[in-house]
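Those protein sequences? They're chains A, B, C and D, same order as listed.
Mapping to my numbering: the first sequence position 106 is 874, numbers consecutive.
Mapping to my numbering: the second sequence position 2 is 770, numbers consecutive.
Mapping to my numbering: the third sequence position 169 is 937, numbers consecutive.
Mapping to my numbering: the fourth sequence position 37 is 805, numbers consecutive.
Notes to accompany the following structure.
4 protein chains.
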Amino acid sequence: MNNSFGEHLVLTTFGESHGPAVGGVLDGFPSRFRIDFDRVVAALASRAPSGAATETSRREPDEVEWLSGILDGVTLGTPIAFIVRNLCQYPEDYDALRHVYRPSHADLTYDLRYGIRDPRGGGRASARETVARVVAGSLAEQWLEQTLGVKIETTVIVPDNIPDGDSVGSAVRCSVVGMPAGKGTPVFSKLQARLADAMFSIPACRSFEYGSGAAALGMSGSAHNDEMEYRDGSLCFLSNHAGGILGGISTGEEIMFNVVFKPVPSVSLPQHTVTDDRQNVLLVISGRHDRVIAPRAAAVVRSMTALTLMDQII
Amino acid sequence: MNNSFGEHLVLTTFGESHGPAVGGVLDGFPSRFRIDFDRVVAALASRAPSGAATETSRREPDEVEWLSGILDGVTLGTPIAFIVRNLCQYPEDYDALRHVYRPSHADLTYDLRYGIRDPRGGGRASARETVARVVAGSLAEQWLEQTLGVKIETTVIVPDNIPDGDSVGSAVRCSVVGMPAGKGTPVFSKLQARLADAMFSIPACRSFEYGSGAAALGMSGSAHNDEMEYRDGSLCFLSNHAGGILGGISTGEEIMFNVVFKPVPSVSLPQHTVTDDRQNVLLVISGRHDRVIAPRAAAVVRSMTALTLMDQII
Amino acid sequence: MNNSFGEHLVLTTFGESHGPAVGGVLDGFPSRFRIDFDRVVAALASRAPSGAATETSRREPDEVEWLSGILDGVTLGTPIAFIVRNLCQYPEDYDALRHVYRPSHADLTYDLRYGIRDPRGGGRASARETVARVVAGSLAEQWLEQTLGVKIETTVIVPDNIPDGDSVGSAVRCSVVGMPAGKGTPVFSKLQARLADAMFSIPACRSFEYGSGAAALGMSGSAHNDEMEYRDGSLCFLSNHAGGILGGISTGEEIMFNVVFKPVPSVSLPQHTVTDDRQNVLLVISGRHDRVIAPRAAAVVRSMTALTLMDQII
Amino acid sequence: MNNSFGEHLVLTTFGESHGPAVGGVLDGFPSRFRIDFDRVVAALASRAPSGAATETSRREPDEVEWLSGILDGVTLGTPIAFIVRNLCQYPEDYDALRHVYRPSHADLTYDLRYGIRDPRGGGRASARETVARVVAGSLAEQWLEQTLGVKIETTVIVPDNIPDGDSVGSAVRCSVVGMPAGKGTPVFSKLQARLADAMFSIPACRSFEYGSGAAALGMSGSAHNDEMEYRDGSLCFLSNHAGGILGGISTGEEIMFNVVFKPVPSVSLPQHTVTDDRQNVLLVISGRHDRVIAPRAAAVVRSMTALTLMDQII
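Quick look at the structure:
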């Protein structure tokens, strides 16, 4: 299943960027959990464009319609389905792009893979799909927080100067405090492998590192090892280069990882590219697009983290 | 299934480091493929310690016993099961470690997770488990090469100086040439997500980046975008910051990624740690251990890459 | 995933009987297939109550709202999501049943399993859920027919006399003509095991037999064996006690199986039962309910057969 | 995965009938469970030919070699791998059958599916594969019994007269007492669907019915419904036509089902059949084969039941 994520808590998403709606089905969520719908609204707002000049001018109300799995605000244990309508549709904007493969977009590869693609705003490849992840992720985050006290925090890293009409690469740092020890499994379902899988499922992700990360390349074992001791009866780690995970299983320490996103590929400078009838063209993309990914992607990082961790715990 | 990898081509591994054997079952491998057993032997040799002073003194013959799925050297389409006996067993070496949690090893977390662990050399958490991956990976690599002409190459990066008795972090670069375009799927089964999942399933992996990788953080979109044009009827990419993958689907260009491994945690310097009855102790690990991971892990990177790509193709 | 069916073509259903909607997500459906929406309407009509005195008086328009995966009537290869609104809701009818466990319904076991249940018409346990299967099944049936010429036929078996106010057990015979040979797999994914799994996922199914079925108990091997011969260059089976399947793989002959459904448990006669606060009560269920399952279930049998077979073929 | 069974407790089997070994990997078995190896031996003995004139003369010692997952008789929580060598091999007996498709065997369909088959005794299609199920099933049965007091019983039904040189259909009735209430899930993973899937994965199974089964066809709802009442504070069902399952979830009552097996297809009477080079031949199968399946299959029914139920519980 290519549009599903998780083993025990399974999110299936659907919807094209300029189709009638995007949405999801969340299966495996425990029964009898009271949902805070305001937090879902807030999570969607943190993913939505803020109005900044560096962001897309597409403004969607992102109202969630809950279809199943919830009665009087409480989960039933049955699949939670929801949709968010796509209202701000200007498919005519995309007529000019119907036969052009935008550089560093998925236009070409979708055609290679499916022999057909929805040309309206990238269709299913659009980051609009992540709306469904944020809705479901908000439920998972609420459950982690209320049931176990797990807290997920993100920090956005954006270079200072973005040249006019261009875009720039960015990053998100994520920290999880309160993860219970002993969760996750070794070998092929290592907790870090699940997190990496989750992060690389976010569009534009290019790098994932956890704990000491890529810096481990220059370190000695004696400096890198996390020594332990009991202090007043509690187990203490003297450092946390492990990033809270050993052998694929959580240690109970803070889980830390970094995710790097490529620059937004929609830039207004002219670019050499090709069409689906094999012509070379010079493409100028108009319209106002996001110029940096991390600020809006942070909500997605947080959501995918919550879904991944809850999946390992239930 | 925590000990299985893949969706269509599924490898299940089993075995403790100092138990009777390690092995695997490879399900989904196509029928009527003639296996080159010499290549399997060579792959295992590239994973085995070379005799260098920086490597473990454990020397296993690593002879593969094929149990099923192959008749007269040709695959039947049924599960291919194999075992490799553990002959070089000195479990008494581990008696002293039976109750001690070695820093930055999985001893502690296995006990937290299972309430029991095999103290003999890390049991299932040992890198010995990767023998099974290399056997299966060699079959996948042969299939990719002979059927599609796909070539996987690795480069090992090891810092120059390793202090005596200490260990050091290292890295492996991997390049795949000849990957057919249009393979992989978007959204949650993105090709890069599968590769990341595969790499983080290798013990000690701390960082995975592909294409432009973490360097994308400082790049502008106009510099990062991979422009395209037709030359003499062939589609050409003018750069490959995408690392051969767009929207989770292969472009046909070279797939490139880097993996960083932490330093080997078994160092001979004294370390503060704890026991399973909550005592603080100063631990000195004796014996000769690997001091750097990449040289032997390269065979595992290659194998996991082959298994991942073949899984996406068949 | 408890609400998903299939391995390659995966249907996930959601929705409570008297919630806002029932619906589904069909993932894995091939791209570039033109859908005949009239056939979907016809399939739903064959599942809907006909107005006969033996059927429920609930009348839903069952209009399908397509949310994703289709552009201009043609599939995109992305998930096909759809909903059918529940309009004919009289939840107050169920107030009297809020605390009563109806005999031979799932009221009791839902409470045991989830600690909560939707009391409105059985919630998720209602046969209303099968609406989603019929929508998805119709697409699968269209694909099988147009791509491979596979034809699925069902025959309904209903006892002659149904006592007034009571219900009766019934059966559906299913025949598949044109199934390509060599489909399915042996051991745990036998074609017959998949079909049985599909049929027992339909509410009220009590028995599944294929080919010679339960009658095989009294047969000798020499009578039961299906001899073969070539006639005019074509392979012919002299009988088909195998029901079109040998060793879990299709032979190309007609696939035949029978499914028996229990009587509808909602009868108007007084019944001894209990409440969720452990009281004994005498229950009389009012309202007009279906009195026999097979006539409406035939569309579900057909749909689940189509989904199962297409899943084995793609 | 076509050679794996289960979602949480996953058995993967491998091995051809006359290859080096058959075996399995059982993943997900809880840690710290002490195994009674004598019970495994007894389970295998109940599956082995008894020496009766109605059974095959192949006599295998069926000694289990345990490869992993167990230390000092106690499970580690890691995969339990085991093999059973095939010692009684007379592949030359099968030379005559190398190019002949035996009627009602899987010879033809394996060739259609894989383009190759192991002609030695049916290869992977042989019931010899079930040895691995009985080993794993015995562990599951021990766990169910010791942890929850669940008891599985089988009764074999064999017609009185089997004509000399012919075979006959047979049946197994299975009863499970002590199944906890509230286990299983509704919709597509109904407990009865899992049991049906398990039973139809056993070679030669033609019919599965549970509770009232096929007899429900002639019953009225008022006769079929299982009324309930509290007696001395305990919930009592006044009948059990549900066979211990409502809405896919266990009620706590006895789970009952029947499985019918076709006659053994290897009969010594001459049969019309074809070869893989499209010749018509008259085949006489020599050697001593089982003439009835149920007596030996009962151990497999019991094992698959145990694996299925434990999978739903853990």
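Ideal Cβ placement from N, Cα and C applies to all residues, glycine included.
Item to check | Minimum Cβ-Cβ distance from Phe956(A) to chain B less than 9 Å | outcome: The count along the first sequence starts at 1 and reaches residue 956(A) at position 188. Chain B has a Cβ within less than 9 Å of the Cβ of Phe956(A).
Item to check | One or two residues paired with His1057(A) in a DSSP bridge | outcome: Locating residue 1057(A) in the first sequence gives position 289, where the first residue counts as 1. DSSP output for His1057(A) lists no bridge partner at all.
Checklist entry - Once you ignore the five residues that flank His873(A) on each side, which residues in its own chain have a CB closer than 8 Å to its CB? => result Residue mapping note: residue 873(A) aligns to position 105 of the first sequence, counting from 1. Result list for His873(A): Gly890, Ala893, Pro1033, Ser1034, in chain order.
Checklist entry - Does the segment 940 to 948 of chain C come within contact of the segment 788 to 800 of chain D, defined as at least 3 CB pairs closer than 8 Å? => result no
Next on the checklist: Between Tyr882(D) and chain B, is the shortest Cβ-Cβ distance under 9 Å, so that the two count as touching?
Outcome noted: Along the fourth sequence, one-based indexing puts residue 882(D) at 114. Yes, its Cβ sits closer than 9 Å to a Cβ of chain B.
Checklist entry - Whose Cβ in chain A lies nearer than 7 Å to the Cβ of Ile851(C)? => result If you number the third sequence from 1, residue 851(C) lands on position 83. Under the 7 Å cutoff, chain A gives Leu835.
Checklist entry - Is it the case that the Cβ atoms of Glu833(B) and Ser975(A) are separated by a distance below 9 Å? => result The residue given as residue 833(B) occupies position 65 in the second sequence. The residue given as residue 975(A) occupies position 207 in the first sequence. No; because the gap between Cβ atoms is not below 9 Å, this pair is not in contact.
Item to check | Through-space distance from Glu1021(A) to Pro798(B), alpha-carbon basis | outcome: For this step, residue 798(B) is matched to residue 30 along the second sequence. For this step, residue 1021(A) is matched to residue 253 along the first sequence. Going from the Cα of Pro798(B) to the Cα of Glu1021(A) covers about 44 Å.
Checklist entry - Comparing alpha-carbon positions, which option in Gly783(D), Ile1053(D), Ala961(D), Leu839(D) lies nearest Pro954(C)? => result The count along the third sequence starts at 1 and reaches residue 954(C) at position 186. Cα-wise, what sits closest to Pro954(C) is Gly783(D).
Checklist entry - In three-state DSSP terms, what is Asp886(D)? => result For the purposes of this step, residue 886(D) is taken as the residue at position 118 of the fourth sequence. DSSP places Asp886(D) in coil when its eight states are reduced to three.
Checklist entry - Considering only C-alpha positions, which residue in the set Lys1030(C), Tyr882(C), Ser818(C), His776(C) is nearest to Pro927(C)? => result For the purposes of this step, residue 927(C) is taken as the residue at position 159 of the third sequence. The residue with the shortest Cα to Cα distance from Pro927(C) is Lys1030(C).
Item to check | Ala821(C) - partner residues in DSSP beta bridges | outcome: Residue numbering aside, residue 821(C) sits at position 53 when the third sequence is read from its first letter. Its beta-bridge partners do not exist; DSSP assigns none.
Checklist entry - In the structure shown, what three-state DSSP assignment does Val1042(C) receive? => result Here the question's residue 1042(C) lines up with position 274 in the third sequence. In the structure shown, Val1042(C) falls within a strand segment according to DSSP collapsed to helix, strand and coil.
Checklist entry - Going straight from the alpha carbon of Pro1063(D) to that of Met967(D), what length do you get? => result If you number the fourth sequence from 1, residue 1063(D) lands on position 295. If you number the fourth sequence from 1, residue 967(D) lands on position 199. Roughly 15 Å separates the two Cα atoms.
Next on the checklist: Between the alpha carbons of Met1078(B) and Pro948(B), how many angstroms are there, rounded?
Outcome noted: What you label residue 1078(B) is simply residue 310 of the second sequence in a count that begins at 1. What you label residue 948(B) is simply residue 180 of the second sequence in a count that begins at 1. Rounded to whole angstroms, Met1078(B) to Pro948(B) spans 11 Å at the Cα level.
Next on the checklist: Just verifying my parser: in three-state terms, what is the DSSP assignment at Val918(A)?
Outcome noted: Here residue 918(A) refers to the residue found at position 150 of the first sequence. Three-state DSSP puts Val918(A) in coil, outside helix and strand.
Next on the checklist: Using the Cβ count rule (16 or more neighbours within 10 Å means buried), how would you classify Thr780(C)?
Outcome noted: As a first step, residue 780(C) is located in the third sequence; it is residue number 12 there, counting from the start. Buried is the call here.
Item to check | Chain-ordered neighbours of Gln960(C) on chain D, where CB pairs are closer than 8 Å | outcome: Position 192 of the third sequence, counting from 1, holds the residue named residue 960(C). Chain D residues near Gln960(C): Phe968, Cys973.
Item to check | CA nearest to the CA of Cys856(A), picked from Ala811(A), Ala982(A), His786(A), Arg885(A) | outcome: If you number the first sequence from 1, residue 856(A) lands on position 88. Closest option to Cys856(A), Cα to Cα, is His786(A).
Checklist entry - Exposed or buried, Ala821(A), counting other C-beta atoms within 10 Å across all chains shown (16 or more means buried)? => result Counted from its first residue, the first sequence places residue 821(A) at position 53. Ala821(A) comes out exposed.
Item to check | DSSP bridge partner residues for Glu913(B) (one or two, in chain order) | outcome: Indexing the second sequence from 1 puts residue 913(B) at position 145. For Glu913(B), which the question treats as bridged, DSSP gives no partner whatsoever.
Item to check | Exposure of Thr1076(A), with buried meaning 16 or more beta-carbon neighbours within 10 Å | outcome: As a first step, residue 1076(A) is located in the first sequence; it is residue number 308 there, counting from the start. That one is buried.
Next on the checklist: If I measure Cβ to Cβ from His867(A) and keep anything under 7 Å in the same chain, skipping five residues before and after, which residues do I get?
Outcome noted: Here residue 867(A) corresponds to residue number 99 of the first sequence, with the count starting at 1. The residues are Thr1043, Asp1044, Asp1045.
Checklist entry - What does Thr877(B) reach in chain D if we use C-beta pairs closer than 8 Å? => result On the second sequence, residue 877(B) is found 109 positions in, with the first residue counted as 1. Ordered by position in chain D, no residue passes the 8 Å Cβ test against Thr877(B), which lies about 12 Å from the chain.
Next on the checklist: Quick check on DSSP: helix, strand or coil for Glu997(D)?
Outcome noted: Position 229 of the fourth sequence, counting from 1, holds the residue named residue 997(D). Glu997(D) falls in the strand class under three-state DSSP.
Item to check | Identity of the residue in Ile851(B), Gln1047(B), Pro887(B) nearest Ala864(B) by Cα | outcome: Position 96 of the second sequence, counted from the start, is the residue given in the question as residue 864(B). Checking every option, the nearest Cα to that of Ala864(B) belongs to Pro887(B).
Checklist entry - Hey, is the segment 1051 to 1062 of chain C in contact with the segment 991 to 1003 of chain C, meaning 3+ C-beta pairs nearer than 8 Å? => result No, the segment 1051 to 1062 of chain C does not touch the segment 991 to 1003 of chain C.
Checklist entry - Taking the runs of the alpha helix (DSSP H) that are 4 residues or longer, which of them lie wholly in the segment 918 to 949 of chain C? => result none
Item to check | For Met1024(C) and Gly986(C), believed in contact at Cβ under 8 Å, the rounded distance | outcome: As a working mapping, residue 986(C) is identified with position 218 in the third sequence. As a working mapping, residue 1024(C) is identified with position 256 in the third sequence. The Cβ separation is near 18 Å, so there is no contact.
Checklist entry - Mind checking whether Gly952(C) and Gly1016(C) have CB atoms under 9 Å apart? => result Residue mapping note: residue 952(C) aligns to position 184 of the third sequence, counting from 1. Residue mapping note: residue 1016(C) aligns to position 248 of the third sequence, counting from 1. A contact, by the Cβ cut-off of 9 Å.
Next on the checklist: Between Arg896(D) and chain C, is any beta-carbon pair separated by less than 9 Å?
Outcome noted: The residue given as residue 896(D) occupies position 128 in the fourth sequence. Answer no: the Cβ-Cβ gap between Arg896(D) and chain C never drops below 9 Å.
Item to check | Pro1038(B) versus Asp830(A): straight-line alpha-carbon distance, rounded | outcome: Counting from one through the second sequence, the residue named residue 1038(B) turns up at place 270. Counting from one through the first sequence, the residue named residue 830(A) turns up at place 62. In a straight line, the C-alpha of Pro1038(B) is about 57 Å away from that of Asp830(A).
Item to check | Reference Arg896(C); option with closest CA among Leu916(C), Asn854(C), Val1027(C) | outcome: Sequence index remark: in the third sequence, residue 896(C) carries index 128 (1-based). Among Leu916(C), Asn854(C), Val1027(C), the Cα nearest to that of Arg896(C) is on Asn854(C).
Next on the checklist: Just to confirm the assignment, what range does the beta strand (DSSP E) spanning Ala849(D) have?
Outcome noted: By one-based count along the fourth sequence, residue 849(D) stands at place 81. Unbroken beta strand (DSSP E) run through Ala849(D): 848 to 853.
Item to check | Within 9 Å, strictly: CB atoms of Leu912(D) and Ala1074(D) | outcome: Position 144 of the fourth sequence, counted from the start, is the residue given in the question as residue 912(D). Position 306 of the fourth sequence, counted from the start, is the residue given in the question as residue 1074(D). Their beta carbons are under 9 Å apart, which means Leu912(D) touches Ala1074(D) by this criterion.
Checklist entry - What are the residues that DSSP puts in a beta bridge with Met1024(A)? => result Translated into the one-based positions of the first sequence, residue 1024(A) becomes position 256. Bridge partners of Met1024(A): Ser943(A).
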